[in-house]
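Enquirer: The structure under discussion is supplied below as structure tokens; questions concerning it will follow.
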Amino acid sequence: MIQHHILLVDDEPYVVRVLRLSLEREGYDVATAIDGHDALSKLAKRCPDVLITDINMNGMDGRTLCPLARKMYPDSSFLILIMTSLTALDERSWVRQVSNAEFLEKPLSPRQLVARLARHFTSAS
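With UniProt numbering applied, the sequence shown covers 1 to 125.
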């Protein structure tokens, strides 16, 4: 079985801990970052199979991170899942400019996240 690499970016330790444990239990290799700056540092070392990020974070936010992550790996189409509790359309419209990206509603169910990743990796193979 291929172990897929996921980069999880959020500044809420509880969210990171719960999601990381759930993903690792399913066999995923999970790296974490506390904001966009930390994520870019980790992205420089390894391209993820999936980037999961919050939008609102101290430091660099997810809105800034996503296009920069794409520029770092222009030949990769890794999935970007953007977690948010923001519901306003203007808060979501920018994602259309980021290829292979979609929103996930917060609070995020670890079970729903695992199911979403399973669908992604099944369709990608």
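All C-beta atoms, glycine included, are put in the ideal place defined by N, C-alpha and C.
These figures come from a predicted structure and were not determined experimentally.
(1) Mapping the DSSP letters down to three states, classify E24 as helix, strand or coil.
(2) Got a sec, what are the start and stop residues for the alpha helix (DSSP H) F121 sits in?
(3) Just to confirm, are T122 and F103 a CB contact at a threshold of 9 Å?
(4) Please classify R70 as buried or exposed, where buried requires at least 16 other C-beta atoms within 10 Å of its C-beta.
(5) What residue does the alpha helix (DSSP H) around M72 start on, and which one ends it?
(6) Taking the beta strand (DSSP E) that H5 belongs to, which residues open and close that run?
(7) If you reduce the DSSP assignment to three classes, tell me which class V15 lands in.
Expert: Concretely, from the data shown:
(1) Here E24 carries a helix assignment [DSSP, helix/strand/coil].
(2) Looking at the DSSP string, the run of the alpha helix (DSSP H) that includes F121 is P110 to A124.
(3) No, they are not a contact pair.
(4) When all chains shown are included, R70 counts as buried.
(5) Taken as a continuous stretch (DSSP letters only), the alpha helix (DSSP H) holding M72 covers G62 to M72.
(6) Going by DSSP, H5 is part of the beta strand (DSSP E) stretching over H5 to V9.
(7) In the structure shown, V15 sits in a helix (DSSP, three-state: H, G or I).
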